[in-house]
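There are 2 protein chains.
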Amino acid sequence: MISPGCPGAIEPILTILDGKWNLLLLRELFNGTKRFGELRRSLHPISPKTLTDRLRMLEEQEIVTRTLYPGVPLHVEYELTERGQRLQPIFAAMWMWVQEYGACPQKETDDGGQDAEAVM
Amino acid sequence: MISPGCPGAIEPILTILDGKWNLLLLRELFNGTKRFGELRRSLHPISPKTLTDRLRMLEEQEIVTRTLYPGVPLHVEYELTERGQRLQPIFAAMWMWVQEYGACPQKETDDGGQDAEAVM
DNA sequence: CTCCATAGTTCATTTTTTGAAACTATTGCA
DNA sequence: TGCAATAGTTTCAAAAAATGAACTATGGAG
Chain B
1 MISPGCPGAI EPILTILDGK WNLLLLRELF NGTKRFGELR RSLHPISPKT LTDRLRMLEE
61 QEIVTRTLYP GVPLHVEYEL TERGQRLQPI FAAMWMWVQE YGACPQKETD DGGQDAEAVM
Chain S
1 MISPGCPGAI EPILTILDGK WNLLLLRELF NGTKRFGELR RSLHPISPKT LTDRLRMLEE
61 QEIVTRTLYP GVPLHVEYEL TERGQRLQPI FAAMWMWVQE YGACPQKETD DGGQDAEAVM
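Line by line, the protein sequences are chains B and S.
The first sequence begins at 1 in UniProt numbering and counts up one residue at a time.
The second sequence begins at 1 in UniProt numbering and counts up one residue at a time.
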């Protein structure tokens with residue numbers, strides 16, 4: 001479907017990073033193992049359907065593992081695989097970009113350039 | 001709309017990277033200045049509407065500049081801004097990941113592993 | 001005044017993604 | 001038996017994104 005130009009075929013990563021929630025979901029998982037309910041709360045207005053869809057896709061892509069813990073209230077933990085952990089440099093590069101250049105232009109107020117102050 | 005967890009707010013970059021075509025489009029622009037028609041051919045099954053939509057968004061985000069060259073057949077060149085160039089490390093990280101881990105599981109053919117041959 | 005080439009725009013339609021609400025499944029305990 | 005807690009699934013509707021085809025705009029050459 002895609003005709004890759006020579007320098008750098010990024011296609012295999014498109015499935016993983018594309019979509020409204022994938023980057024945010026992966027960011028959560030970089031902070032460690034998470035349970036379904038935790039993810040649902042962190043990503044708050046996400047619907048359970050969308051969340052399971054994304055998680056299943058990431059499982060298929062071998063980016064996360066799903067572990068079921070039976071018990072009184074059963075629970076499930078999602079964790080990054082090795083393959084998933086290795087995405088970290090991509091996110092690190094994003095974070096650096098956002099720090100230096102993240103202040104979006106969005107809508108320029110025409111009263112002159114008052115850049116957004118740092119958001120952290 | 002999004003409640004950022006402390007470590008690394010990547011939200012400002014979501015607009016820029018999200019969507020089916022954005023990564024592919026940016027990749028083209030890392031190879032240098034491109035004209036509308038060139039982009040259209042490189043990204044082949046893209047529709048002109050989608051292409052202009054994406055380019056306008058990237059302009060608003062100050063990732064690309066649009067320069068009109070009047071002349072016999074007029075033409076337009078799209079080029080990355082400084083801000084856009086600085087996205088390069090993100091793509092570099094993606095390329096490295098793809099090289100090492102890119103072979104997608106996709107659908108495991110149970111007849112044994114005949115991996116896709118290199119597409120370069 | 002028409003034609004060519006480039007770069008779009010417009011509009012209706014299709015495809016894809018997301019969503020909300022309600023329902024299922026598991027298991028121990030009261 | 002019935003409830004509580006977790007983690008989903010199902011169904012149908014809504015919203016967003018992408019598409020295709022045809023049309024507009026520009027400006028010089030013939």
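All C-beta atoms in this analysis are idealised placements derived from N, C-alpha and C, irrespective of residue type, glycine included.
Practice prompt. Identify every residue that forms a DSSP beta bridge with V76 (chain S).
Written response: S:L68
Q | Burial state of V98 (chain B), where buried means 16 or more other Cβ atoms lie within 10 Å | A | buried
- Any beta-carbon of chain B closer than 8 Å to the one on I40 (chain S)? Checking the sequence shown, residue 40 (chain S) turns out to be Arg, not Ile. Chain B contact via Cβ: absent.
Please return the same chain residues whose Cβ sits closer than 7 Å to the Cβ of R40 (chain B), not counting the five positions on each side in sequence.
I46, P48 and L51
#### Entry: Sufficient close CB pairs (3 or more, under 8 Å) joining the region 60-67 of chain B to the region 52-70 of chain S
no
Q. Does any C-beta atom of chain B lie closer than 8 Å to the C-beta of F91 (chain S)?
A. yes
Query raised in the report: When the Cα of L29 (chain S) is compared with those of S:Y69, S:H75 and S:F91, which residue comes out closest?
Result: S:F91
*What separation, rounded to the nearest whole angstrom, lies between the Cα atoms of G102 (chain S) and R35 (chain B)?*
27 Å
V72 (chain B) versus L43 (chain B): straight-line alpha-carbon distance, rounded
26 Å
Check the Cβ-Cβ distances between V98 (chain B) and every residue of chain S, and say whether any is below 8 Å. yes
What does K34 (chain B) pair with, by DSSP beta-bridge criteria?
B:Y78
Item to complete: For L74 (chain B), I'd like the list of residues in its chain whose CB is within less than 8 Å of its CB, leaving aside the five on either flank, ordered along the chain.
Response: L68
Cut-off 7 Å between Cβ atoms - residues of its own chain near N22 (chain S), not counting five sequence neighbours on either side
I16 and R54
**Asked** What residues from chain B crowd round L29 (chain S), counting only those whose CB sits closer than 8 Å?
**Response** Neighbours of L29 (chain S) on chain B: none; closest Cβ ~11 Å, over 8 Å.
| query | If you draw a straight line from the alpha carbon of P12 (chain S) to that of E38 (chain B), how long is it in whole angstroms? | reply | 23 Å
Exercise. Of all Cβ atoms in chain B, is any one closer than 8 Å to the Cβ of K20 (chain S)?
Worked result: yes
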